[in-house]
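J.: Here's a structure for you.
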Amino acid sequence: MLGGTSLPALSLPAVCFVWQIAMIILFGVFIRYDEESDAHWVEFKREHNITSDIENDFYFRYPSFQDVHVMIFVGFGFLMTFLKRYSFGGVGFNFLIAAFGLQWALLMQGWFHSLDPATGKIYIGVESLINADFCCAGSLIAYGALLGKVSPVQLMVVTLFGVTLFAVEEYIILTLLHCRDAGGSMVIHAFGGYYGLAISWVLYRPNLHQSKRLNGSVYHSDVFAMIGTLFLWMFWPSFNSAITDHGDGQHRAAINTYLALASSVLTTVAISSMSQKTGKLDMVHIQNATLAGGVAMGTAAEFMITPYGSLIVGFCTGIISTFGYLYITPFLEKYLKLQDTCGVHNLHALPGMLGGFIGAIVAAAATESVYSAEGLINVFDFEGSFANRGVGTQGGFQAAGTCVAIAFGLVGGAIVGLILRIPIWGDPADDNCYDDEVYWEVRVPEDEESIPPVLEYNNHMIHKHQDM
Amino acid sequence: MLGGTSLPALSLPAVCFVWQIAMIILFGVFIRYDEESDAHWVEFKREHNITSDIENDFYFRYPSFQDVHVMIFVGFGFLMTFLKRYSFGGVGFNFLIAAFGLQWALLMQGWFHSLDPATGKIYIGVESLINADFCCAGSLIAYGALLGKVSPVQLMVVTLFGVTLFAVEEYIILTLLHCRDAGGSMVIHAFGGYYGLAISWVLYRPNLHQSKRLNGSVYHSDVFAMIGTLFLWMFWPSFNSAITDHGDGQHRAAINTYLALASSVLTTVAISSMSQKTGKLDMVHIQNATLAGGVAMGTAAEFMITPYGSLIVGFCTGIISTFGYLYITPFLEKYLKLQDTCGVHNLHALPGMLGGFIGAIVAAAATESVYSAEGLINVFDFEGSFANRGVGTQGGFQAAGTCVAIAFGLVGGAIVGLILRIPIWGDPADDNCYDDEVYWEVRVPEDEESIPPVLEYNNHMIHKHQDM
Amino acid sequence: MLGGTSLPALSLPAVCFVWQIAMIILFGVFIRYDEESDAHWVEFKREHNITSDIENDFYFRYPSFQDVHVMIFVGFGFLMTFLKRYSFGGVGFNFLIAAFGLQWALLMQGWFHSLDPATGKIYIGVESLINADFCCAGSLIAYGALLGKVSPVQLMVVTLFGVTLFAVEEYIILTLLHCRDAGGSMVIHAFGGYYGLAISWVLYRPNLHQSKRLNGSVYHSDVFAMIGTLFLWMFWPSFNSAITDHGDGQHRAAINTYLALASSVLTTVAISSMSQKTGKLDMVHIQNATLAGGVAMGTAAEFMITPYGSLIVGFCTGIISTFGYLYITPFLEKYLKLQDTCGVHNLHALPGMLGGFIGAIVAAAATESVYSAEGLINVFDFEGSFANRGVGTQGGFQAAGTCVAIAFGLVGGAIVGLILRIPIWGDPADDNCYDDEVYWEVRVPEDEESIPPVLEYNNHMIHKHQDM
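Residue numbers (the working numbering), protein chains in the order written: chain A, -19 to 448; chain B, -19 to 448; chain C, -19 to 448.
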């Protein structure tokens, strides 16, 4: 059943066991509770004159964390159930790699961002959990480009390297370049999108048409995918505001994202309808391009982009993303040999890149009259060695950060793609792509929804009878 | 494919583009961040002696906002997926009109309720977003009566006028009459329900029976609809408490709604089972009437209605709503020529009206011993020019407010219905109602769940063979 | 259609009406708002020098409450939609019994835990709602063992007694033995699991194989079940932290549960894949055993178990639970005559018991250096008459508490099972189990997903034609 493997396939159980045991050991060595989740909190509170438990960061961020968590597991997971016979793989492998990725992310992000040099430990709290979920998102986006064409072991490898690359580029962009990117237009979407595309490009399958019968949706699989779409769409304001500053920062990021997303929906519908002579809408566009506004607001959401600025961002990215599904994806497949199952180029890579540049422009245009002197310092964190950075310089660094994210995605993805071409991963044969039966026990024989070939044959029979 | 159009159909893309551009311009002129979402917050805090960011309204209301958001998009959307071949339209058009409606609502509600006369601007924060979602709900309820019988352009018109009418009636009821209606029994449910019914009555289709084959559910579409039902049911306590007073107001509204909803479930099940000789339950009742308790508590939830009072409200409305599905909807269709696809009369219009009157009675019965002197002032906002209003008077105004909401719904709906009869909207022909194929690309040919006519024919063939 | 009834069946409507009326009367006598949800809050605040409404417990717990609420209704409900023709019963009866159970739980838990002796009243707030949802969970777990084999009236009886037994065992374990069990490994999962298993054992059906054709999933019912799985999995950190101490208690419980669950996913996938020669994954394992880490952390989540300790717990329970599905469930059915539809033994009973003992060990190992002196007192509530209890003693009591929970489940379940054998409950015949048509109006004739026998016959016909 499996194809493309000339060496014995590396076994999924072995990978899961070894990596999970490694996680346990590394957590034992490095990870501890931070002061707000440790039982010493009662002493910490007294020492820092904190008068109420409600000041614990848990109450600022936990509702947003849970919304992000839903986006990662139900949002991304169900968005990928749209294929007629790959719903198990879509939601199930997403579950597997996110559950692994968030553990590895806590370590990688901890080492790069919050390792205490005195103790050699990483101290985690609710913000770490949000960041770990964010870090996984990069690899889940990459999965979107690979959906149906890779084995679960390959996905584990994609995630291992994806999380690693993410932590490094995030360190360069947020710490060294001192960019702001609360919702991750650059570090999550542009990186994750180009990472997945580069892997897919290296893994190009010239004979993928042999699985064409399964590369499509059925009526109810499209409805399942709408569960993913809607939970992503609804909770994106939480995504973009989850780790912004307490107070106005979280508040403003949520409002801006809410508005950009609303605007995306209308332009997506407009372009989708225009693209067909009959004026009919295409579910692929509604499921995906409606989300582009949230991606594109990932950097600028915490800035004073203004409510109408947010609407304009959503307006443009809804159009661009839908055009992407109509023209760019077919173009990339035909001329660049790039097979992108979910069209992550149109939903993540391109809007993420745009979001990075939008953030650069909005940052460069910031003024003290709009932000107030203190507000400007707070929003852009112009403190310490960055106290004298001007907004123009900040804009330049934001643009540079976007380029770093794309470069990490493309180069990292190409390398990981080459690793995945080693024939030990148990990837599916060209005529078995998009098929859950390769990796899942699927109970078909007594299924009321009988399998496609039979029904097709069945219809044949009917036509023959009509001819009689 | 389209019917009922003698003039060229107004195009959906044109409507989406023109309206979204109008939104951008109007937002540019009118909408700004309020003091809690503006970067000046740090100054505002100091000036007002606010000691902690946690006092930002974001932390009081954002979790409730997100629950309401889920109700609007997943709750209403999936509740309308129950039709066998209109699930795309149910969830997809709900998505479109809510995304448009919330933008228009921010403007309309802003003009009526929070336009700053000094600056001519509307300042928005998280409470504005909740109110915008609420305002959309009126039009989404109306969609329930029209489901499957109107074009997306017509729905955009329904929403444009629905949001406008909502803002006006809300201004009259909440501001001029000084009613309390935190969960919107009157302003949302009674208005929205009668608005949709009046439109449907004007758009009566005598030959709708030609689409009868599609006006029903299949097994899995009923399960999809339960996603909508449950998210509405679970989050209704957040709906009714989202904009009530901080502290005990939000707390009490959530408890009362939780109890009323629980009680509705038991009486819905009881009546549904009694209505069949076999004692079997009907999914239509479970999907809808279980929610009636939440609708009917929309006004009284923030009052001291007592926990057992809440149970009684749920008890009665569960019964009334289920009876509505059994007897009133067929009666309205047969004798009043009123086609109500989702039975919004039983779920929204009638329980909403009852909720308005329950609120009036509970308000009139309020006493200082139950509320405390200060509590009475807080709950009913007896301040400023209303400082001397007694609870009896308040009860009278609450009842009057309910009548205003109904009148706005009926008259407004009739007028909008007449507008929608102009033959330029591209509405479906009588034999194409409840059919996604009119407005959506539906991939059927290689679908394992092949379309009904084929299977029916298929079965025919089988029977013929048996005869051979 | 119904079988096993020699006396006239007790009617569902009668049970619903009588019990709901009883609830209203008992609520009228006993249940009142507590000081944080009463309109007197404004006075209470002043008297207790509470400076801000944000100190109202509503803002500490309401987001967690809503997550728990989703787990109870969507989580448990959709997890039980996996059967091909019992999805209505799975999600619908879960809805019914949870809505009844939470009302009865508010009363029972109130009488045992918070009856004010001065006034004879029970005062409820948001924490009461969470506890009521928890209390229902015990009976919903029991339903998992009985799924498809009992009538709704029987389920109401299971819930009536289940909630009652829960309140008693909870009183013994939490109040008399002074155990800590915030996430309910003992009081919810071990009790609920063994309660359901004991009932199922008494109700053993030797001829259940007559319904074998319906005891399985189809492709899309497995996807529906993943909705339940994921919402349970994502929100389990809220479940285990919902009623822990404000501040570090809630924070730490969420982190520990998040980690244990992630670890469970990897070992579940590993064992599931190992168990098949083909290395394929089984949806039953992914839907269930991935959750075992959350169950097993129910007691220890609020303790200083350390992040890597949480990973180890998830690691082990993922393995044990998956083994349970592979070997223990078939063993129990074959040798102990125990039919466990959803395998609650592997997901709740066994991991719950383990969780109780893990909690005992972690408690016994607690030290002042890890918890701080004050932290130790806070976490284990060593106050009042328990001020001098040592951690070793506490560990012993935790272990004893686990045994009490199991004993209550087994004995209580056996008694309730005997009650359910009285032939007045209208339970389904052996050849009608797992079939929604017994209790629900199912619209099949014009269904595009036609019923299995027809399609099977259909395929026959095709084969005959090929032979022709």
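Quick reminder that beta carbons are idealized off the backbone N, C-alpha and C, glycines included.
Since the model is a prediction, treat every value here as computed from it, not as a measurement.
(1) Buried or exposed: where does Asp427 of chain B fall if 16 or more other Cβ atoms within 10 Å of its Cβ makes it buried?
(2) Looking at chain D, is there any beta carbon in it that lies within less than 8 angstroms of the beta carbon of Cys(-4) of chain B?
(3) Taking just the CA atoms, how far does Glu16 of chain C sit from Ser352 of chain B?
(4) Between Ser32 of chain B and Asp37 of chain C, what straight-line distance do the alpha-carbon atoms span, to the nearest angstrom?
(5) Is it buried or exposed, Glu27 of chain B, if we count other Cβ atoms within 10 angstroms and call 16 or more buried?
(6) For Tyr315 of chain C, count neighbouring C-beta atoms within 10 Å of its own C-beta (all shown protein chains included) and say buried if the count is 16 or more, exposed if not.
(7) Can you check the segment 44 to 105 of chain B for any beta strand (DSSP E) of at least 3 residues that lies completely inside it and give the ranges in chain order?
(8) If contact means a Cβ-Cβ distance below 8 angstroms, which residues of the segment 68 to 82 of chain C contact chain B?
(9) I'd like the span of the beta strand (DSSP E) that includes Arg12 of chain A, first residue to last.
(10) For Tyr103 of chain C versus Arg12 of chain C, is the C-beta spacing smaller than 8 angstroms?
(11) Examine chain B for any beta-carbon lying closer than 8 angstroms to the beta-carbon of Gly105 of chain C, and answer yes or no.
(12) Do you know how far the Cα of Val148 of chain C is from the Cα of Leu183 of chain C?
(13) At which residue ranges does the segment 300 to 343 of chain C contain complete alpha helix (DSSP H) runs of 4 or more residues, listed in the order of the chain?
(14) According to DSSP, simplified to helix, strand and coil, what is Pro186 of chain A?
(15) Does Val18 of chain B have its Cβ less than 8 angstroms from a Cβ in chain A?
(16) Would you list the one or two residues that DSSP bridges to Trp420 of chain C?
(17) Just by C-beta distance, which residues in the segment 351 to 364 of chain C are closer than 8 angstroms to chain A?
(18) What did DSSP end up calling Ser252 of chain A once you bin it into helix, strand or coil?
(19) Between the Cα of Gln0 of chain A and the Cα atoms of A:Tyr66, A:Thr347, A:Leu82, which residue gives the shortest distance?
(20) Mind checking which residues open and close the alpha helix (DSSP H) that includes Met136 of chain A?
(21) With a threshold of 8 angstroms on Cβ separation, who are the neighbours of Gln256 of chain A within its own chain once the five nearest residues in sequence on each side are excluded?
(22) Going by beta-carbon coordinates alone, are Gly208 of chain A and Val50 of chain A separated by less than 8 angstroms?
(23) Note down, in chain order, all residues in the segment 286 to 297 of chain B with a beta-carbon under 7 angstroms from any beta-carbon belonging to chain C.
(24) Mind listing which residues of the segment 402 to 425 of chain B have their C-beta closer than 7 angstroms to chain C's C-betas, in chain order?
(25) How would you call Phe68 of chain C, buried or exposed, if buried means at least 16 neighbouring beta carbons within 10 angstroms?
(26) On a CA-only basis, which of C:Ile223, C:Asp407, C:Trp213 is nearest Ser244 of chain C? Give me that one, please.
(27) Just to make sure I have the definition right: I need the residues of chain C whose C-beta is within less than 7 angstroms of the C-beta of Thr61 of chain A. Which are they?
(28) Which bits of chain C does Leu316 of chain B rub up against, with CB to CB less than 8 angstroms?
(29) Exposed or buried, which one is Thr270 of chain C when buried takes at least 16 other CB atoms within 10 Å?
(30) Distance cutoff 8 angstroms, beta carbons only. Does Lys260 of chain C sit that close to anything in chain A?
(31) Could you give the DSSP three-state label for Cys296 of chain A: helix, strand or coil?
(32) Between the C-alpha atoms of Met3 of chain B and Met254 of chain C, what's the straight-line distance to the nearest angstrom?
(33) Closer than 8 angstroms is the cut-off here; do at least three beta carbon pairs connect the segment 83 to 103 of chain A with the segment 125 to 138 of chain A?
(34) I'd like to know whether the C-beta of His440 of chain A is nearer than 8 angstroms to at least one C-beta of chain B.
(35) Using a Cβ-Cβ distance under 8 angstroms, would Tyr13 of chain B count as near chain A?
(36) Figure out for me which residue from B:Gly196, B:Gln89, B:Phe80 has the closest Cα to the Cα of Ile152 of chain B.
T.: On the basis of the supplied data:
(1) With a pLDDT of only 43 at Asp427 of chain B, under the threshold of 50, the placement of this residue in the model should not be trusted, and no figure is reported.
(2) No chain D is part of this structure, whose protein chains are labelled A, B and C.
(3) Distance between the alpha carbons of Ser352 of chain B and Glu16 of chain C is about 14 angstroms.
(4) Distance from the CA atom of Ser32 of chain B to the CA atom of Asp37 of chain C, rounded to whole angstroms, is 18 angstroms.
(5) Exposed, since its Cβ has fewer than 16 Cβ neighbours within 10 Å.
(6) Exposed, since its Cβ has fewer than 16 Cβ neighbours within 10 Å.
(7) Taking only runs of at least 3 residues, the beta strand (DSSP E) segments lying wholly in the segment 44 to 105 of chain B are 101 to 104.
(8) Cβ proximity to chain B below 8 angstroms picks out Phe68, Val71, Gly72, Phe75, Leu76, Ala79, Phe80, Leu82 from the segment 68 to 82 of chain C.
(9) Here the beta strand (DSSP E) through Arg12 of chain A covers 11 to 13.
(10) Result yes, Cβ atoms of Tyr103 of chain C and Arg12 of chain C sit closer than 8 angstroms.
(11) Yes, contact with chain B.
(12) Rounded to the nearest angstrom, the two C-alpha atoms are 24 angstroms apart.
(13) Entirely contained in the segment 300 to 343 of chain C, the alpha helix (DSSP H) runs reaching 4 residues are, in chain order, 309 to 315.
(14) In the three-state scheme derived from DSSP, where H, G and I count as helix and E and B as strand, Pro186 of chain A is classed as coil.
(15) At residue 18 of chain B the sequence reads Asp, which differs from the Val that was named. Closer than 8 angstroms: yes.
(16) According to DSSP, Trp420 of chain C shares a beta bridge with B:Leu261.
(17) Going along the segment 351 to 364 of chain C in chain order, one finds Tyr351, Ser352, Glu354, Gly355, Leu356, Asn358, Val359 with a Cβ nearer than 8 angstroms to chain A.
(18) DSSP places Ser252 of chain A in helix when its eight states are reduced to three.
(19) By alpha-carbon distance to Gln0 of chain A, the top candidate from A:Tyr66, A:Thr347, A:Leu82 is A:Leu82.
(20) That run of the alpha helix (DSSP H) goes 132 to 150.
(21) Once the five neighbours on either side are set aside, the close Cβ partners of Gln256 of chain A are Asp262.
(22) Between Gly208 of chain A and Val50 of chain A, the CB-CB gap reaches or exceeds 8 angstroms.
(23) The segment 286 to 297 of chain B vs chain C, Cβ under 7 angstroms: Pro287, Tyr288, Leu291, Ile292, Phe295.
(24) Cβ contacts with chain C: none found.
(25) Its Cβ being crowded by 16 or more others within 10 Å, Phe68 of chain C is buried.
(26) The shortest Cα separation from Ser244 of chain C among C:Ile223, C:Asp407, C:Trp213 belongs to C:Trp213.
(27) By Cβ distance, chain C contributes Val203.
(28) Chain C residues near Leu316 of chain B: none, gap ~26 angstroms exceeds 8 angstroms.
(29) Counting Cβ neighbours within 10 Å, Thr270 of chain C comes out buried, since at least 16 surround it.
(30) So yes, Lys260 of chain C belongs to the interface.
(31) Collapsing the DSSP output to three states places Cys296 of chain A in a helix.
(32) Each residue's Cα considered, the two are about 57 angstroms apart.
(33) Contact between the segment 83 to 103 of chain A and the segment 125 to 138 of chain A is absent, because fewer than three Cβ pairs lie under 8 angstroms.
(34) Unreliable positioning characterises His440 of chain A in this predicted model, as indicated by a pLDDT of 34, which lies under 50. A coordinate reading is not provided.
(35) Output row for Tyr13 of chain B: interface = yes.
(36) By alpha-carbon distance to Ile152 of chain B, the top candidate from B:Gly196, B:Gln89, B:Phe80 is B:Gln89.
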